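Undergrad: In the UniProt record's numbering, the protein residues as written are 1 to 152. Right, I'll just put the structure down here and ask away after.
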């Protein structure tokens, strides 16, 4: 399990600002969080080095032509980690977690349309040895998606 770090109010403020404006210059970020530019740069670098955050571009899958999105609940009768690793290698799968609930694994699949999605299910997921059951939960409406963990 990853090491946990205690964030103070300034760390949280830095992260919150960068979640909204990831390319914000240190000179503009510093007054927003009450530090000098040098102290802000040092804090950001510490957060990056510790792996507390990373600065990335987040894309909108629907604007990239990936309008069919589903979560697939998967039950297995073999090594769950091995199957999860194999699922993670499938290009159309963007999220894989091993769970302790109704499903052994949850995998999020993005595709251009239902035809492409069926191909991913039938040609790439179902043939994996050890998978015994799939339940497909197709997204009807994405109500909330956020990336501001730990700053509230």
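Ideal Cβ placement from N, Cα and C applies to all residues, glycine included. Remember, predicted model here, so these are calculated numbers, not experimental data.
Bridge partners for residue 32 per DSSP, in chain order?
TA: By one-based count along the chain shown, residue 32 stands at place 32. Beta-bridge pairing links residue 32 to no other residue.
Undergrad: Cβ of residue 124 within 8 Å of Cβ of residue 90?
TA: Taking the first residue of the chain shown as position 1, residue 124 is located at position 124. Taking the first residue of the chain shown as position 1, residue 90 is located at position 90. Against a cut-off of 8 Å, the Cβ pair of residue 90 and residue 124 comes out as a contact.
Undergrad: Candidates 119, 65, 28, 126: which alpha carbon is nearest residue 83's?
TA: Residue numbering aside, residue 83 sits at position 83 when the chain shown is read from its first letter. The option with the nearest alpha carbon to residue 83 is 126.
Undergrad: Alpha carbon to alpha carbon, how far is residue 105 from residue 137? Give it in angstroms, no decimals.
TA: Residue numbering aside, residue 137 sits at position 137 when the chain shown is read from its first letter. Residue numbering aside, residue 105 sits at position 105 when the chain shown is read from its first letter. Spanning the two alpha carbons is a distance of roughly 13 Å.
Undergrad: Rounded C-beta distance between residue 131 and residue 72? I'm assuming under 8 Å.
TA: The residue given as residue 131 occupies position 131 in the chain shown. The residue given as residue 72 occupies position 72 in the chain shown. So it is not a contact: roughly 10 Å between Cβ atoms.
Undergrad: Can you name the residues that DSSP bridges to residue 70?
TA: Looking up residue 70 in the chain shown gives position 70. DSSP lists 109, 138 as partners of residue 70.
Undergrad: Within its chain, find whatever has a CB closer than 7 Å to the CB of residue 17; leave out the 5 residues flanking it on each side and keep chain order.
TA: Indexing the chain shown from 1 puts residue 17 at position 17. So the qualifying residues of the chain are 24, 29, 32, 33.
Undergrad: I need the straight-line Cα distance from residue 78 to residue 103, nearest angstrom please.
TA: Within the chain shown, the letter at position 78 stands for residue 78. Within the chain shown, the letter at position 103 stands for residue 103. Using only the alpha carbons, I get a separation of about 13 Å.
Undergrad: Nearest CA to the CA of residue 139: which residue from 54, 151, 117?
TA: As a position in the chain shown, residue 139 is number 139, starting the count at 1. That would be 117, whose Cα lies nearest to the Cα of residue 139.
Undergrad: When you compare the CB positions of residue 148 and residue 19, do they come within less than 8 Å of one another, or not?
TA: Numbered from 1 along the chain shown, position 148 holds the residue referred to as residue 148. Numbered from 1 along the chain shown, position 19 holds the residue referred to as residue 19. Yes, Cβ-Cβ distance for residue 148 and residue 19 is below 8 Å.
Undergrad: On the three-state DSSP scale, how would you describe residue 26?
TA: Locating residue 26 in the chain shown gives position 26, where the first residue counts as 1. Note: residue 26 maps to helix in three-state DSSP.
Undergrad: Going by C-alpha to C-alpha distance, which of 135, 43, 143 sits closest to residue 174?
TA: Any property of residue 174 remains undetermined from this structure, which presents the chain solely from 1 to 152.
Undergrad: Rounded to whole angstroms, what's the CA-CA distance from residue 96 to residue 7? Just pull it up for me.
TA: On the chain shown, residue 96 is found 96 positions in, with the first residue counted as 1. On the chain shown, residue 7 is found 7 positions in, with the first residue counted as 1. Using only the alpha carbons, I get a separation of about 27 Å.
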